[in-house]
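Undergrad: In our numbering, the protein residues as written are -6 to 310. No residue lacks a Cβ here, since even glycine has one placed at the ideal position from N, Cα and C. All figures in this text were calculated on a predicted structure; none of them were measured in a lab. One structure, pasted below without further comment.
Next up, the structure:
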């Protein structure tokens, strides 16, 4: 069994479609089917159960998939270390994270991998407001940023990789009458939230985030009363101090604060945390980091990480 065949098998097993796997691998379907048949002949076991329109793994195929993911991942990691030593990849990546947000798990694991396997590469982490992240990416003081997709669609052309999706919650003090609720449905918003003062982002920091918060309720026919916080850090502080209630995603640092409660809101949109960068920068550390993040997403079962190019209004697309 070759390493190429390992990759072919893993891809087919993840897609459960020879057609889709062949497209991803840039192989013809007959060629890919031959490779799978050769593996089955070599192992003398069927790896897939095939019907007219579908395929699924046999128990033996499932065991092989679990083992090959580990083996092939180790092999890829070894090649990366060899290539890094040969190329002498070194340098620094400046990564900005939206304040009050936790590092998404795939990004955290990618950073640990780089710290362990690439001693000549350094990633400098820093926290910033929405506005400072946008400005840092545009003026080149930041190489990559982790922010909410909603806030980045007005930027000049950039590429964004979705690294985490998180639901929205009503965030209240632990002593609030709403803290005991296990969920709020849209029909309950007017009666349950009508007397609450919400704390949303100020448009000066993020026009898009401010509008998204209001619109999240407006689409359900509810218009909340709200005040604005100048940045995400103060928004979290005011909510934690009981000066109002918040609409925050499940990746917010307050989720670990025992003095507040995150109440699920049925029917609310899911927020997308994205890793964004400008194309054409040519930072070798950035390329290695992005590849590691993509690999971690694949390991989490994200078949094809959602990667989009944002184009600002007036630039087409």
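Where does residue 60 land, buried or exposed, given buried means 16+ other C-beta within 10 angstroms?
TA: exposed
Undergrad: In the DSSP assignment, find the alpha helix (DSSP H) that holds residue 29 and state where it starts and stops.
TA: 22 to 36
Undergrad: Would you list the one or two residues that DSSP bridges to residue 140?
TA: 267
Undergrad: Just how far apart, CA to CA, sit residue 167 and residue 179?
TA: 22 Å
Undergrad: Using CA coordinates, which residue listed in 133, 235, 231, 31 is at the minimum distance from residue 172?
TA: Nearest of 133, 235, 231, 31 to residue 172, Cα basis: 235.
Undergrad: What residue from 160, 284, 184 has the CA that sits closest to residue 214's CA?
TA: Of the listed residues, the one whose Cα sits closest to residue 214 is 184.
Undergrad: Less than 8 Å separating the beta-carbons of residue 130 and residue 151?
TA: yes
Undergrad: DSSP state of residue 117, grouped into three classes?
TA: strand
Undergrad: With 16 as the cutoff for other CB atoms within 10 Å, does residue 147 come out buried or exposed?
TA: exposed
Undergrad: For residue 49, count neighbouring C-beta atoms within 10 Å of its own C-beta (all shown protein chains included) and say buried if the count is 16 or more, exposed if not.
TA: exposed
Undergrad: With DSSP as the reference, identify every bridge partner of residue 166, one or two as the case may be.
TA: For residue 166, DSSP records a beta bridge to 253.
Undergrad: May I have the straight-line CA-CA distance separating residue 243 from residue 262, to the nearest angstrom?
TA: 12 Å
Undergrad: Determine the extent of the alpha helix (DSSP H) in which residue 208 is found, giving its start and end residues.
TA: 200 to 211
Undergrad: Report the residue from 157, 103, 202 whose alpha carbon sits nearest the alpha carbon of residue 281.
TA: 103
Undergrad: Got a sec, what are the start and stop residues for the alpha helix (DSSP H) residue 248 sits in?
TA: Per DSSP, residue 248 belongs to no alpha helix (DSSP H) and is neither H nor E.
Undergrad: Is residue 217 buried or exposed, if buried means 16 or more other CB atoms sit within 10 Å of its CB?
TA: buried
Undergrad: From residue 266 to residue 293, what does the alpha carbon distance come to, in whole angstroms?
TA: 16 Å
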